[in-house]
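Sequential numbering from 1 applies to the sequence shown in the UniProt record's numbering. Positions of the beta carbon are idealized from the N, C-alpha and C atoms, including for glycine.
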Amino acid sequence: MRSSSFAGELPSHSLNEAPSRISVTFDSCSHMLSHLDEFKLKGSRLIRKDGTNFQEMLLEMTGQKTVPNVFINKTHVGGCDKTLQVSDGSLQQLLSGDGEAYDYDLIVIGGGSGGLACSKEAASLGKKVMVLDYVVPTPKGTTWGLGGTCVNVGCIPKKLMHQTALLGTAMQDARKFGWEFEETVKHNWDTMKTAVNNYIGSLNWGYRVALRDKNVTYVNAYAEFLDQHKIKATNKRGKETFYTAAKFVLATGERPRYLGVPGDKEYCITSDDLFSLPYCPGKTLVIGASYVALECGGFLAGLGLDVTVMVRSILLRGFDQDMANRAGEHMEEHGVKFLRKYVPVEELEAGTPGRLKVTAKSTETDEVIEGEYNTVLIAVGRDACTDKIGLDKAGVKVNPKNGKIPVNDEEQTSVPHIYAIGDILEGKWELTPVAIQAGRLLARRLYAGSSVKCDYINVPTTVFTPLEYGSCGLSEEKATELYGNDNVEVFHSLFWPLEFTVPGRDNNRCYAKLICNKLDNDRVIGFHYLGPNAGEVTQGFGAAMKCGVTKEQLDGTIGIHPTCAEVFTTLDVTKSSGGDITQAGC
Ligand code: FAD
Ligand code: NAP
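Written as structure tokens, this is what we have:
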């Protein structure tokens, strides 16, 4: 079998260090062996004559135990395919850096969920690490501290504001349980906003301390590549500093997309502005119909605001549509209005909040409608922050259609020593725990000899709509498409959480669905739950699915009573049977 291989200086015994100088040749394995008389072949394994298992050493160093295993100037390039993929330019750059000493072993660009996890892990493995984080202010001037989207303008403020809304519902329920309090209950936006932002401030501080404790150098500056190993960092005063590193991790995340219609940047806000808005948004139009739109629209309505969601096509694209529509119907029943139209925006009156006229055009007919709102929240998706960081100078390939970065299953970009994680990845989940897991595992592969890769399959997630929707695995549509209608069995049930019964709300609105693969022992390939505490419920079933749980095993699991999650241990009505799924009681 012909393959490429390296010859020359072999890796030192320091397992965390790449070989210092290696010349690359393309030859057969047997040819290499003839030059390396301290090695012998034992079966298909390469063994040092003194007994050291060279393949194990390679695995520990590089995550790859097969030869060829190519290094150029301390940079692990990879095997034959990877080496052949290295373009002329980048090969030259790698070769010309012979003997160069870098400022850092690793520079991480972006101090969000993925970047912080990766930099801390790499530093705790003894590497010299720098992380740069810089927030470009929104068109409204909003900015925030260290930690990225999740902490500052994503998961954390969103969940706390969702909780604020749930407390409003709980207060209504409380009267039915005997609590007596003044009739007038009001919500104070400023109190909530201040409390949430104080908490975020404590997290920002905690991240700085954690970086310092781990000896990660943190620089609050915007990073841009100048070449494959060098970046320029520009701080908020415009001061430029230059740094080099042996390896880089890109973790720059995404920012909200605007509509591109007149007035959008001047008059509208996005989720980047909402959570620290200095005034209550008032009557709000939310444009978009996915995670961000439905979650924000949901909690704003829960605070008692007049909310309209403008849907271009469907709710929660990519999710099980049966579930998405049920979540939407519940929102509609609780006062959220839905419009299925399109939008330009004009300002009527400035103010905090002001008065905005929105002219919307139907996507199906020529109908044009107008509405007036205090706030227009644009939530039409997010763009990867990859266009202004000099990736062309570094030679990193980007999908020109969406700005996302394609990587292999080790998060390696088209440039071997530059990796990418988190929201900027092409075709991967945009979720905090995914970015964290990918970052941590990457550091361990780079510096601790691990070969464990991030598993992007069966990632559990929850949409924090007023009635929360948790899912893991395939939607019914996708399962049917992949396995065929006849090979998929869907078990489902409506249910009524005990805590909803006394206040008499939302009877038979909650819904549980399992999708099983008949061809594989009724293995669960889709889990869907619409009900309270969906994140808590879905997490455990996500673990079960990672272990390959089957319907029979769930049937054999004893439920915890009285809970919502127990419904998954007693599902016996198949969707195909058309059987009654309403629940009369426990
Ligand atoms: P980010 O966390 O976005 O971090 C990137 C950082 O890099 C930012 O601080 C950015 O300013 C900085 N940066 C960018 N360019 C440069 C540069 N050139 N130089 C220096 N710094 C730079 N996920 C969940 O799992 N659960 C949720 O409930 C959830 N809710 C969400 C709610 C909202 C409203 C939004 C918008 C997102 C939500 N997400 C949620 C998604 C989650 O926030 C992201 O998946 C996660 O933050 C991605 O992490 P990241 O490291 O890829 O990027
Ligand atoms: P998204 O999932 O990309 O959805 C964009 C939405 O905007 C879609 O409903 C889309 O409609 C609509 N849209 C796009 N262009 C439009 C236009 N010109 N006019 C009107 N509507 C338009 O974006 P997102 O909601 O911002 O979420 C981004 C990512 O953040 C998600 O993928 C998710 O992973 C993450 N996130 C996670 C959570 C969570 O875990 N709970 C919460 C929030 C965000 P079409 O369907 O018609 O295209």
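- Note that the region 322 to 337 does not touch the region 235 to 254; fewer than 3 beta-carbon pairs, one per stretch, sit closer than 8 Å.
- Excluding the 5 residues flanking it on each side, Gln539 has same chain C-beta neighbours closer than 7 Å at Pro460, in chain order.
- Contact check for Val131 and Ser119: beta-carbon distance about 4 Å, within the 8 Å limit, so the pair qualifies.
- Ranking Leu554, Phe500, Thr308 by CA distance to the CA of Cys516 puts Leu554 first.
- With respect to the 8 Å criterion, Ile109 and Ala210 are not classified as neighbours on the basis of their beta carbons.
- Annotated three-state conformation of Ser471 is strand, per DSSP.
- For Pro256, the enclosing beta strand (DSSP E) starts and ends at 254 to 256.
- For Thr217, same chain residues with a beta-carbon under 6 Å away, outside a window of 5 residues either side, are Met130 in chain order.
- Looking from the CA of Arg440, the closest CA among Glu121, Asp520, Leu203, Trp429 belongs to Glu121.
- Shortest Cα-Cα distance from Arg312 to any of Asn325, Gly318, Gly288, Phe319 involves Gly288.
- If you draw a straight line from the Cα of Pro503 to the Cα of Asp105, it comes to about 59 Å.
- Contact between the region 261 to 270 and the region 133 to 150 is established, with three or more Cβ pairs separated by less than 8 Å.
- For Thr234, the enclosing beta strand (DSSP E) stretches over residues 230 to 234.
- Cα atoms of Thr184 and Arg175: separation of roughly 13 Å, rounded to the nearest angstrom.
- For Tyr199, the CB contacts under 8 Å within the same chain, skipping 5 residues up- and downstream, are Ile156, Leu160 in chain order.
- With a cutoff of 7 Å, Ala379 counts as near the ligand NAP, since its C-beta is closer than that to a heavy atom of the ligand.
- For Leu498, the enclosing alpha helix (DSSP H) covers residues 498 to 501.
- Between His492 and Ala512, the gap from beta carbon to beta carbon is short of 8 Å.
- Closer than 7 Å to some heavy atom of the ligand FAD: that describes the Cβ of Glu254.
- For Tyr104, no alpha helix (DSSP H) segment is defined; the enclosing uninterrupted segment is the beta strand (DSSP E) at 104 to 109.
- Measuring C-alpha to C-alpha distances from Leu391 to each of Trp429, Lys404, Leu519, Gly354 identifies Lys404 as the nearest.
- In the displayed model, Phe248 falls within a strand according to three-state DSSP.
- Remark: the C-beta of Asp133 is in contact range of the ligand FAD, defined as less than 7 Å to any heavy atom.
- The beta carbon of Tyr134 sits closer than 7 Å to those of Asn220, Ala221, Tyr222, all from its chain and outside the five residues before and after it, given in chain order.
- In this structure, Leu125 lies near Ala448, with their beta-carbon atoms less than 8 Å apart.
- For Arg523, the enclosing beta strand (DSSP E) covers residues 523 to 530.
- According to the DSSP assignment, Gly371 belongs to the beta strand (DSSP E) that extends over 368 to 373.
- Going by DSSP, Val307 is part of the beta strand (DSSP E) stretching over 307 to 310.
- Taking the Cβ atoms as the reference, Gly147 lies roughly 11 Å from Gly253, outside the contact range of under 8 Å.
- DSSP places Glu411 in no beta strand (DSSP E); its state is neither H nor E.
- For the region 281 to 340, the full-length beta strand (DSSP E) segments reaching 3 residues or more read 284 to 287, 307 to 310, 337 to 339 along the chain.
- Val153 is positioned such that its CB atom lies closer than 8 Å to that of Asp272.
- Assigned with DSSP and collapsed to three states, Asp506 falls in coil, not helix or strand.
- Per the coordinates, the alpha-carbon of Leu494 lies some 22 Å from the alpha-carbon of Val336.
- Taking non-hydrogen atoms of the ligand NAP into account, the C-beta of Ser113 is found less than 7 Å away from none of them.
- The straight-line gap separating the alpha-carbon atoms of Pro278 and Arg523 is approximately 50 Å.
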